[in-house]
Amino acid sequence: MAFEIKYRDGMGRIGLLETPHGRVETPALMPVVNPKKPVIPVEELVKTYKSEIIITNSYIIYRDPELREEALKRGVHELLGFKGPIMTDSGAFQMYVYGDVQVEPLEIVRFQREMGSDIGVILDIFGNPYEEESVVRWWVEETVKRAQMAVAEKGNMLLACTVQGGRYPHLRAECARKLSELDADVYPIGGVVPLMENYKFRDLVEVIISSKLNLPPEKPVHLFGCGHPMIFAIAVLLGCDLFDSASYSKYAADDRVILPTRTVRLEELDYIPCSCPVCSKYDVKELKEMRREERFPLIARHNLFVSFEEIRRVKQAIKEGMLWELAEQRARAHPNLTAAFRVIGKYVDKMERYDPVIKKSAFFHLSCESLSRPEPYRYAKRLKERYKRPPDAKILLLLPDRGEKPYTVDYSSELSELKKALGDLFNHVHVAFLTIFGIVPIELEEIYPVQQSVIQKRFTSDELKYVEHRMLEYFSKNTYEHVLYLRGGVDFDDLVSRIAYRFLISMCDDVGDVADTIKRISQETTVRPRVFELEKLIAVADYQFGEGAGEALFMPADKIRWELSKQTGKIRFVYRDDELILTLVPTTGFFTLMPRAAKLLVRRLEYPRLRVVVNEDAEPFVKRGRSVFPKFIVDCDPEIRPEEEVIVVNENDDVLAVGRALLSGVEMKRFRRGVAVKVRRGVEKSKK
Ligand code: GUN
Ligand code: ZN
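Encoded structure:
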């Protein structure tokens, strides 16, 4: 039984979970089916809602002599009339509500197995999440003990071991780490219903993150008792794969209507912004006038439609690379969610490990929280660690983002005017753009997400502070003899003039002003010629593969030649000794590697940088261009990110192939299923 990732964004993933009764695509919503009286018949859940998996409560079955006998005789699938995967809960929630259950922890696990449950849950313990720490710690210890014992009883059933720990992040982390050592199959995050019911979303986010970051990435995570669509996007973004909903009927029972961003009492509604089959058939007035028993199953159906719809919205967002944007929108649903979303920013360094380096969609700058996303974080980090300014460019000309891209096109008239005015002196100038991501050297203007972003021009003071920090960082590594700034960026003009004295920046009003200033300060007469294309190749290679990559690939420069795209005039192919070594992908601004380039990089970059090491068994297949599966991986660079260009080598560090990573380095060594590296080209194929 195993889990594999198909698509991903943030820490969210579209995955496949294999169970004894078939596969489930995640993120999945499991409707809770009451074994005594289902609100919505199971056939309808299958036909109308396309439920792939449902969840029921084994304790309710266990406690009812008739149901129990039938479940043991015919199995839970027959009992409920459902052929697909069934998850069963253990009675932990009843324990929480009533303070006691009439079953032993191991007995209920055995019972779940005996009635043929696909995913059974341990009898975990939780209570008020704000209970004193020492009490919560005791619950955690007992839960872990029960999990350890339950593993021996699981048989063919997948076992779900619940992370508890109240509102205490360190207890969650500890519980998650201990449970990770066990042979469990699913990791629910439990005890969160009270947090959700009370809109304690900040605590909820802390709980999810501290659990998730300490759980094995190759196992699915279930957010227990979370059936409200308003938090699906955020929870999936943070790595949750499974949800269960009793909410659809619980809310309906007291006339509460679920909407994607909130819950409303029916009596407060005059219009329902919904076109589900229920709302298409009845208007609010008709619903209000109905008898309660007639209305309840209708509202339950509406509630479930809305919940499934949000799951589909989340999945589509993952495929488009827009999950952060969706979560950021959902974070506006309630002030507590906005605050919760801000908490995520604290963990950006850890989340960045799982976030793809390129996405199908542009980066949308929607709010000041957008800058806490992995994309800006990664840009700043790589620029700081991997970028050095061209050695001969001693004067920095900083041009503010005016809202149009590509920047060089937006500034084409200014730049050609300046070249004309300066002649050879232009070779002293390094052009860079001031953007919301910080300083973007001209060589890097096309890389994701700089070029592939949609950013408005007016900024908050927090955002300007972010830019100021990035400038500080840039200048602490890259120094110039002079820095000039050309006004024209509204908010950026104010920022730069405020800090001009610190970095000795000359403020210029127009191109004439820039040219005059440069002429005045350029005393040197000897000007060394520069090859701007080569500077770009080096900068992109260093940024993408690590410092030193550019030198390894493109030096000595007389071996290198490049071909421009006939359509765009931009560099498209790079040759070394007339052999194609790299392609510059116009949509992402990054290189794809050919085996020759991989060999140059492997010689230069210290092991295990960029490598995925496979064993002997895989070698002949990978060499011929077949994809790399995790089970053949013996080692890899832990710094690899999803969607990165990587090099597949054998244990002697001989290059076998080049390709695109689908997993991050930390995941590659742990997953059992799916593709780890989509190989683009093996060395054998490329020889012909
Ligand atoms: N249902 C809602 N929350 C929980 C939980 O924490 N544990 C279990 N087993 N079931 C739940
Ligand atoms: Zn509806």
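With the sequence shown counted from 1, adding 1282 to any position gets you our numbering.
Each residue gets a CB set at the ideal place from its N, CA and C atoms; glycine is no exception.
These numbers were taken from a predicted model, which means no experiment stands behind them.
The DSSP-derived three-state label of Thr1690 is helix.
Minimum Cα-Cα distance from Phe1587 among the listed residues Gly1373, Gln1611, Cys1558 corresponds to Cys1558. The count of Cβ pairs closer than 8 Å, one atom from the stretch 1374 to 1393 and one from the stretch 1425 to 1442, reaches three, so the stretches are in contact. 7 Å or more divides the Cβ of His1710 from the Cβ of Ile1737.
In this structure, the C-beta of Ser1372 approaches the ligand GUN to less than 6 Å from one of its heavy atoms. His1510 has its CB no nearer than 6 Å to any heavy atom of the ligand ZN. Rounded to whole angstroms, the gap between the alpha carbons of Ser1695 and Asp1792 is 12 Å. Note on Ala1880: 16 or more other CB atoms within 10 angstroms of its CB, so buried under the neighbour-count rule. Within the DSSP bridge table, the entry for Asp1371 names Asn1339 as partners.
Note on Val1379: under 16 other CB atoms within 10 angstroms of its CB, so exposed under the neighbour-count rule. Taking C-alpha positions only, Val1445 is separated from Thr1308 by approximately 20 Å. Annotation: Lys1501 to Pro1470 spans about 10 Å, alpha carbon to alpha carbon. Excluding the 5 residues flanking it on each side, Cys1790 has same chain C-beta neighbours closer than 8 Å at Leu1766, Tyr1767, Leu1768, Arg1769, Val1796, Thr1799, in chain order. For Pro1877, the three-state secondary structure derived from DSSP is helix. Ala1466 sits in coil when the DSSP states are folded into three classes, being neither helix nor strand. If you look at Leu1440, you'll find it in the beta strand (DSSP E) that goes 1440 to 1442. Under the three-state reduction of DSSP output, Glu1725 falls in the helix class. Ile1554 carries a coil assignment under DSSP once its states are collapsed to helix, strand and coil. Annotated three-state conformation of Thr1425 is helix, per DSSP.
With a cutoff of 7 Å on beta-carbon distance, Ile1343 and Met1312 are scored as not near each other.
In the structure shown, Thr1799 falls within a helical segment according to DSSP collapsed to helix, strand and coil. Shown here, Met1789 sits in a strand according to DSSP, grouped into three states. In the DSSP assignment, Ala1310 forms a beta bridge with Leu1524.
The three-state secondary structure of Arg1769, taken from DSSP, is coil. Counting C-beta pairs closer than 8 Å gives fewer than three between the stretch 1839 to 1859 and the stretch 1898 to 1912, which falls short of the contact rule.
Gly1473 has its CB nearer than 6 Å to a heavy atom of the ligand GUN. Sorting Gly1603, Asp1552, Ala1615, Lys1532 by C-alpha distance to the C-alpha of Phe1578 places Lys1532 at the top. As the crow flies, the alpha-carbon of Arg1547 is around 50 Å from that of Pro1920.
Ala1839 is positioned such that its CB atom lies no closer than 7 Å to that of Ala1831.
When C-alpha distances from Asp1935 are compared across Val1916, Ala1958, Trp1606, the shortest belongs to Val1916.
A check of alpha carbon separations from Arg1954 across Arg1963, Arg1942, Gly1964, Val1910 identifies Val1910 as the nearest.
Only residues of its own chain outside the window of five on either side were considered, and among them Lys1666 have a CB closer than 7 Å to the CB of Lys1759, listed in chain order. The alpha carbon of Thr1874 has as its nearest neighbour, out of Lys1818, Arg1942, Ile1404, the alpha carbon of Arg1942. Per DSSP, Leu1299 is one residue of the beta strand (DSSP E) stretching across 1294 to 1301. Taking all protein chains shown into account, Gln1384 has fewer than 16 neighbouring C-beta atoms within 10 Å of its C-beta and is therefore exposed.
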